[in-house]
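Protein chains in written order, with the numbering used here: chain A, 1 to 101; chain B, 1001 to 1584.
Step one of this worksheet: look at the structure below.
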């Protein structure tokens, strides 16, 4: 999996591409770690547009991120969720936990 | 038979009169009309041919000598045409020459009358024609009626066969472990072969043979199908199924009609073969060297539908095998099939045909030997034969290492299996390998990604929790993921014992195509019942584990753990798009 981070106007976007599974844990954490605890950031977005496979460990990682961000009273939204990625998120009922687009 | 237009009301005829002499024509026409017939007159052969199409006569009366086309030529032309019925031709001639008479008959004349015409002779001759035409039409009407009955029977037969085919769920016979052969004595078979698996993967087979053969026997065998499929689906044992079948047959069939049946349950996990046999020849086992096994199924019960429930004996015989064997079940029609000189095929010939063949060729071997024995003669009873492959899973050896998938194919179904040793588990990612093999059978991309997800989740669970004994509760703690992954890597590198078996089967069931994914690990299992209950009840996955199986559960039509929880079977419906929306 590849990661990249964009910051713009209080908004941090973590862009992921490739296979998002338990092997991606370190990359994923490295991508968001420096964004935590920063007062200038108001909003977190995980862009899943480039992800072609998502498994249950990935869902777990998204939940962990959500918990950490919630401690700062901020929210995480998931962007560009399409095809199978969208289906997996729907099945797991993630619409109740994240804003999904 | 009296050939007179007397008391039988025969209809008047339409007569085409061909006569060039105007006076003769008028006189003859008057005579004919006086007898009540309709007459149309032609002056020549050519005119007669032209008139024929519009007038459609029942009878042609023609002069033998005509200007232009003679009466003989006219007759030849008329007779060569297609007529809805017989078209008689009566010749008239003043000449007495023998040769012209012969020529007329050769041209197709049906009778001959001399000129001048005698009225009684003409009347008598017409009466004969009328009678013959009448009889012929009655015969035609009867033939049409018969044809209609025949068509109706054929139509009903095809509907009945379709229905019976659906009722016996013949497509379930695609089970890879079962091969079978049937030949009914008539259109409908009074024999029935069925196979189905319990939720725990135990194979149930049934061979039933109703008294007699033909439609009545075929209907009589129907009541056993529903208990067999329904109860197998719910996981009942064959003793309970036999009892229910007996009750059903006794309730529905008239006294004196009954159903011989053999039920067998083949469990490869324990290597057991359980048999209940009522009225069929005793089944037997053939081992992989092609020898008759010393294991016998001697216990003989009465056929279904004879004993009342309280007297019914549902006790079964169970044998355990270590080496793979084939269970042979057959109807008495096979051994009783007589050749032209009255010699039955017999058990001896059946055994010889079976034992002289390689495992895959045994069924064909028996069919060939039976055909040779019968030498083109039809069998007197329905014939059916079933071979069931039985083996003991843990004794199955040698393990194919290196994670090489094995593929089995059987009439539209297929199965891919992979057995992983500890070495394989350390070095291989089996799911992509398996997907590579599966993609040869299914090219549907959407199904492909679901199947990948299901297999990955099931394999990861088997590996992480079954083989490596990791506690997924770890993941919930802070820094839990890293610790989980580190621990996983450490245990994997140190892995020396442990196995994971993967099995993917595509089968057809009830008109649907189903993918059955089975993953078994060498671990101790877990409290799967409580877990499944929580899966059905919880509404969202707040806990960061157990989510994988929840995904699998949503994508599959059914998910089943086998005790003690180290084996899971996921059923995925290939017919529809497998995704069932939020199904929680």
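Don't be surprised by glycine CBs; every beta carbon is placed ideally from N, CA and C.
Start and end of the alpha helix (DSSP H) containing residue 1509/B? For residue 1509/B, no alpha helix (DSSP H) encloses it; the enclosing beta strand (DSSP E) starts and ends at 1500-1509.
Does the distance from the CB of residue 1309/B to the CB of residue 1243/B come in under 9 Å? Yes.
Is DSSP giving residue 1263/B helix, strand or coil here? In the structure shown, residue 1263/B adopts extended strand secondary structure according to DSSP, grouped into three states.
Could one say the Cβ of residue 1452/B lies closer than 9 Å to chain A's Cβ atoms, at least one of them? Chain A, which has a Cβ nearer than 9 Å to the Cβ of residue 1452/B, makes this yes.
Sub-9 Å separation of residue 1265/B and residue 1295/B beta-carbons: A distance of 9 Å or more separates the beta carbons of residue 1265/B and residue 1295/B.
Helix, strand or coil at residue 1043/B [DSSP, three-state]: In the structure shown, residue 1043/B sits in coil (DSSP, three-state: anything other than H, G, I, E or B).
From which residue to which residue does the beta strand (DSSP E) around residue 1571/B run? First-last of the beta strand (DSSP E) with residue 1571/B: 1567-1573.
Can you name, in chain order, every residue of its own chain whose Cβ lies under 7 Å from the Cβ of residue 1077/B, other than the five neighbours on each side? Apart from the 5 residues on each side of it in sequence, residue 1077/B sits with its Cβ closer than 7 Å to the Cβ of 1049 in its chain, given in chain order.
Between which two residues does the beta strand (DSSP E) holding residue 1561/B run? In the DSSP annotation of this structure, the continuous segment of the beta strand (DSSP E) that includes residue 1561/B starts and ends at 1558-1562.
Mind pulling the chain B residues with CB within less than 9 Å of residue 2/A? Against chain B, a Cβ distance below 9 Å from residue 2/A picks out nothing, because the smallest value is about 19 Å.
Between residue 100/A and chain B, is any beta-carbon pair separated by less than 9 Å? Output row for residue 100/A: interface = no.
Alpha helix (DSSP H) containing residue 1480/B: first to last residue? Residue 1480/B: member of the alpha helix (DSSP H) spanning 1480-1493, first to last residue.
Cα-Cα, which of 1036/B, 1041/B and 1258/B is closest to residue 1017/B? Comparing Cα positions, the closest option is 1041/B.
Below 8 Å on the Cβ atoms is my contact criterion, and I expect residue 1113/B with residue 1090/B to pass it. Report the Cβ-Cβ distance as a whole number of Å. Yes, residue 1113/B and residue 1090/B are in contact; Cβ-Cβ is about 6 Å, under 8 Å.
Starting from the beta carbon of residue 56/A, find every residue of chain B whose beta carbon is closer than 7 Å, and list them in chain order. Within 7 Å Cβ-Cβ: 1457, 1547, 1548 and 1551.
Candidates 1499/B, 1235/B, 1258/B and 1281/B: which alpha carbon is nearest residue 1267/B's? Per the Cα distances, 1235/B.
What whole-angstrom Cβ distance do residue 1303/B and residue 1259/B have, given they're in contact under 8 Å? Right, their Cβ atoms sit about 6 Å apart.
Straight-line CA distance for residue 95/A to residue 50/A? Inter-residue distance for residue 95/A and residue 50/A is about 20 Å (C-alpha atoms, whole angstroms).
Check whether chain B comes within 9 Å of residue 60/A, counting only Cβ atoms and requiring the distance to be less than that. Closer than 9 Å: yes.
Output, in sequence order along the chain, the residues in the segment 71-97 of chain A whose CB is closer than 7 Å to any CB in chain B. Listed in sequence order: 84, 87, 88, 90, 91, 92, 93 and 96.
Have a look at residue 1513/B and residue 1328/B and give me their C-alpha separation to the nearest angstrom. Residue 1513/B and residue 1328/B have their C-alpha atoms roughly 28 Å apart.
N-terminal and C-terminal residue of the beta strand (DSSP E) that residue 1296/B is part of: Per DSSP, residue 1296/B belongs to the beta strand (DSSP E) from 1292-1296.
Interface flag, residue 53/A vs chain B, CB-CB below 9 Å: Closer than 9 Å: yes.
Just the C-alpha distance for residue 1417/B and residue 1278/B, rounded to the nearest angstrom, thanks. The alpha-carbon of residue 1417/B is positioned some 36 Å away from that of residue 1278/B.
Once you ignore the five residues that flank residue 1392/B on each side, which residues in its own chain have a CB closer than 7 Å to its CB? Excluding positions up to five away in sequence, the list reads 1268, 1271, 1321 and 1322.
Report the CB separation of residue 1457/B from residue 1551/B in whole angstroms; it is logged as a contact under 8 Å. At roughly 6 Å, the Cβ-Cβ gap stays under 8 Å, so residue 1457/B and residue 1551/B are in contact.
contact_flag[the segment 17-24 of chain A, the segment 44-63 of chain A] where n(CB pairs < 8 Å) is 3 or more: Taking a contact to require three or more Cβ pairs closer than 8 Å, the segment 17-24 of chain A and the segment 44-63 of chain A qualify as touching.
According to the neighbour-count rule (16 or more other Cβ atoms, all chains shown, within 10 Å of its Cβ), is residue 1358/B buried or exposed? With fewer than 16 other Cβ atoms within 10 Å, it is exposed.
Can you list, in chain order, the residues of the segment 1267-1300 of chain B whose Cβ is nearer than 8 Å to any Cβ on chain A? Considering only beta carbons, no part of the segment 1267-1300 of chain B lies closer than 8 Å to chain A.
Please return the same chain residues whose Cβ sits closer than 7 Å to the Cβ of residue 1256/B, not counting the five positions on each side in sequence. Nothing meets the Cβ criterion.
With a threshold of 8 Å, are at least 3 pairs of Cβ atoms found where one atom belongs to the segment 1219-1230 of chain B and the other to the segment 1178-1195 of chain B? A contact exists between the segment 1219-1230 of chain B and the segment 1178-1195 of chain B.
What residues in its chain sit with their C-beta under 8 Å from that of residue 1470/B, if we drop five residues either side in the sequence? Around residue 1470/B: 1464, 1484, 1487, 1488 and 1491.
Should residue 21/A be flagged as near chain B, meaning a C-beta pair shorter than 9 Å? Yes, residue 21/A counts as interfacial toward chain B.
Tell me residue 1182/B's beta-bridge partners as DSSP assigns them. Residue 1182/B pairs with 1384/B.
Pull up the distance between the alpha-carbon of residue 25/A and that of residue 47/A, whole angstroms please. In this structure, the alpha-carbon of residue 25/A lies about 16 Å from that of residue 47/A.
Can you tell me where the alpha helix (DSSP H) holding residue 1193/B begins and where it ends? Where residue 1193/B is concerned, there is no enclosing alpha helix (DSSP H), although the beta strand (DSSP E) it sits in stretches over 1191-1197.
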